[in-house]
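S.K.:
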Amino acid sequence: MTDSASRPGFDPARFFAARQDGHGRRLGIRYRAHGPDWAELALPYDPDQIGDPGRGVVASGPILTMMDMATSIAAWLKRGQFAPQATLDLRIDYLRPATPRRTVIGRGECYRVTRSIAFVRGQAHDGDPDDPLAHVAGTFMLLDMPA
Amino acid sequence: MKLPPYADLLNLSVAAEPAGEGPILAMPFDADIVGRPGFLHGGAIGGLLEMAAIVALHAALGDEDARVKPVNVTIDFMRGGRDKPTRAQGIVRRLGTRVANVDAIAWQDAREKPIAGARMNYLIARN
Numbered sequence: 001m002t003d004s005a006s007r008p009g010f011d012p013a014r015f016f017a018a019r020q021d022g023h024g025r026r027l028g029i030r031y032r033a034h035g036p037d038w039a040e041l042a043l044p045y046d047p048d049q050i051g052d053p054g055r056g057v058v059a060s061g062p063i064l065t066m067m068d069m070a071t072s073i074a075a076w077l078k079r080g081q082f083a084p085q086a087t088l089d090l091r092i093d094y095l096r097p098a099t100p101r102r103t104v105i106g107r108g109e110c111y112r113v114t115r116s117i118a119f120v121r122g123q124a125h126d127g128d129p130d131d132p133l134a135h136v137a138g139t140f141m142l143l144d145m146p147a
Numbered sequence: 001m002k003l004p005p006y007a008d009l010l011n012l013s014v015a016a017e018p019a020g021e022g023p024i025l026a027m028p029f030d031a032d033i034v035g036r037p038g039f040l041h042g043g044a045i046g047g048l049l050e051m052a053a054i055v056a057l058h059a060a061l062g063d064e065d066a067r068v069k070p071v072n073v074t075i076d077f078m079r080g081g082r083d084k085p086t087r088a089q090g091i092v093r094r095l096g097t098r099v100a101n102v103d104a105i106a107w108q109d110a111r112e113k114p115i116a117g118a119r120m121n122y123l124i125a126r127n
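Next up, the structure:
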């Protein structure tokens, strides 16, 4: 469901195919879809990522990692290029625990880019987009731009 | 102190347990926690901060039979995490009946030069 309207400057599918290491790969995070200013990733369930052994619920760190990546990719898509940027801040609201054994889907959107900042938001769910488990908001510093 | 599986994935260990404070966690550098080349992934730093906050909260709760549920987390990234060990400590600002406010900081070279900081709110379910 790749959107042909997205700018040619950055291809998240190719970006993921070329990636050889890193935390996203260790967590098994996969590319799902993208548009002109959004990207959707998937985090398959893995017992190694449990944060609450009593309930089998995945820790928040892996979800945070996926949302950081999804919103970062959304910023590259909106900017139309793969250029250096660093997460300035990220807030995540945990609306409910992830359901054990379900893949978590994360969608990040870049809703505004200025000369030096990309503003992003996103949601994560585990099957029903209308029943999100987390909501994020954050900003990225564009490192190739003068402040 | 028993850490959950995700802490093992990050290779976290308890580096110190200062009296009356949250335990200091250590995370060795590893290719599995890299984001952009040469720098730690923000998600791994966030995961470390959250673990530091949770162990600080459990230390503050002591023997009390309580479950903690994260409500939200806000992380400020201050410096890039380089290829060296990272430490983190949680600071319980307030431990109430139902809610706890916890801060956490992560540093590499010196505690006074944090690479990231976080504020977190937790619900406490006492049994």
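Residue numbers (full-length UniProt numbering), protein chains in the order written: chain A, 1 to 147; chain B, 1 to 127.
By construction, the Cβ of each residue, glycine as well, lies at the ideal position given by its N, Cα and C atoms.
1. What I want to know is whether the C-beta of A/R96 ends up closer than 6 Å to one or more non-hydrogen atoms of the ligand PLP.
2. Looking at the C-beta of B/F29, does it have a partner C-beta in chain A at a distance below 7 Å?
3. So which of B/R79, B/D63, B/A56 has the shortest CA-CA distance to B/G38?
4. Opposite B/Q89 in the DSSP bridges: which residues?
5. Keeping to the same chain, check which residues put their C-beta closer than 8 Å to that of B/L10; ignore five residues upstream and five downstream.
6. Should A/L133 go down as buried or exposed, given a rule of 16 or more other Cβ atoms within 10 Å for buried?
7. Under 9 Å between beta-carbons, which chain B residues line up against A/Y94? List them in chain order, please.
8. Fully enclosed by the UniProt domain "Thioesterase" (56–130) of chain A, which beta strand (DSSP E) runs are 3 residues long or longer?
9. For A/G22, does the three-state DSSP call read helix, strand or coil?
10. What residues in its chain sit with their C-beta under 8 Å from that of B/I91, if we drop five residues either side in the sequence?
11. Leaving aside the five residues before and after B/R94 along the sequence, list all residues of the same chain whose C-beta is less than 7 Å from its C-beta, in chain order.
12. Would you mind sorting B/Y122 into buried or exposed? The rule is 16 or more other CB atoms within 10 Å of its CB.
13. Provide the residue span of the beta strand (DSSP E) that contains A/V136, from first to last.
14. Please list, in chain order, all residues of the same chain as A/W76 whose beta carbon is under 6 Å from its beta carbon, the five residues on each side excluded.
15. If you measure between the beta carbons of A/G22 and A/D89, is that distance less than 7 Å?
16. Could you check the C-alpha separation between A/L143 and A/T114 for me, to the nearest Å?
17. Chain A partners of B/A44, CB-CB under 8 Å?
18. Please return the same chain residues whose Cβ sits closer than 6 Å to the Cβ of A/I117, not counting the five positions on each side in sequence.
19. I'd like to confirm the pairing. Which residues does DSSP put opposite B/F77 in its beta bridges?
20. Any beta carbon of chain A sitting closer than 7 Å to that of B/P85?
21. Quick check: A/Y31 and A/A18, are their CB atoms within less than 7 Å of each other?
M.R.: Well, looking at it:
1. This structure lacks the ligand PLP; in fact it carries no ligand of any kind.
2. To locate residue 29 of chain B, count along the second sequence from 1; it is residue 29. With 7 Å as the cut-off, B/F29 does not count as an interface residue toward chain A.
3. The sequence position of residue 38 of chain B within the second sequence is 38, counting from 1. Checked all of B/R79, B/D63, B/A56; the closest Cα to B/G38 is B/R79.
4. Position 89 of the second sequence, counting from 1, holds the residue named residue 89 of chain B. Answer by DSSP bridge pairing, in chain order: B/I24, B/I105.
5. The residue given as residue 10 of chain B occupies position 10 in the second sequence. Result list for B/L10: M27, I33, A44, G47, L48, M51, in chain order.
6. The count along the first sequence starts at 1 and reaches residue 133 of chain A at position 133. Looking at its Cβ environment, which holds 16 or more other Cβ atoms inside 10 Å, A/L133 is buried.
7. Translated into the one-based positions of the first sequence, residue 94 of chain A becomes position 94. Under the 9 Å cutoff, chain B gives K69, P70, V71, N72, V73.
8. Unbroken beta strand (DSSP E) stretches of 3 residues or longer found wholly inside the UniProt domain "Thioesterase" (56–130) of chain A: 85–94, 104–113, 117–125, given in chain order.
9. Looking up residue 22 of chain A in the first sequence gives position 22. In this structure, A/G22 counts as coil in the three-state DSSP scheme.
10. If you number the second sequence from 1, residue 91 of chain B lands on position 91. Same-chain partners within the cutoff: E21, G22, A56, V102, D103, A104, I105.
11. Locating residue 94 of chain B in the second sequence gives position 94, counting from the first residue. Annotation for B/R94: A100, N101 place their beta carbon closer than 7 Å to its own, counting only its chain and skipping 5 residues before and after.
12. Position 122 of the second sequence holds residue 122 of chain B. The residue in question, B/Y122, is buried, as its Cβ has 16 or more Cβ neighbours within 10 Å.
13. On the first sequence, position 136 is the one that residue 136 of chain A refers to. Residues 134–142.
14. In the first sequence, counting from the first residue as 1, residue 76 of chain A sits at position 76. Closer than 6 Å at Cβ, skipping near neighbours: F10, F82.
15. Working through the first sequence from its first residue, we reach residue 22 of chain A at position 22. Working through the first sequence from its first residue, we reach residue 89 of chain A at position 89. Going by C-beta atoms, A/G22 is not nearer than 7 Å to A/D89.
16. Position 143 of the first sequence holds residue 143 of chain A. Position 114 of the first sequence holds residue 114 of chain A. Approximately 12 Å between the Cα atoms of the pair.
17. Against the second sequence, residue 44 of chain B aligns to sequence position 44. Correct list: H23, G61, T65.
18. By 1-based counting over the first sequence, the position of residue 117 of chain A is 117. Sequence-distant partners of A/I117 (beyond 5 residues in either direction) whose C-beta falls short of 6 Å from its own C-beta, in its chain, are T139.
19. What you label residue 77 of chain B is simply residue 77 of the second sequence in a count that begins at 1. B/A116, per the DSSP bridge assignment.
20. As a working note, residue 85 of chain B is residue 85 in the second sequence. Cβ-Cβ to chain A under 7 Å: no for B/P85.
21. Against the first sequence, residue 31 of chain A aligns to sequence position 31. Against the first sequence, residue 18 of chain A aligns to sequence position 18. It is not a contact, given that the beta carbons lie outside the stated cut-off.
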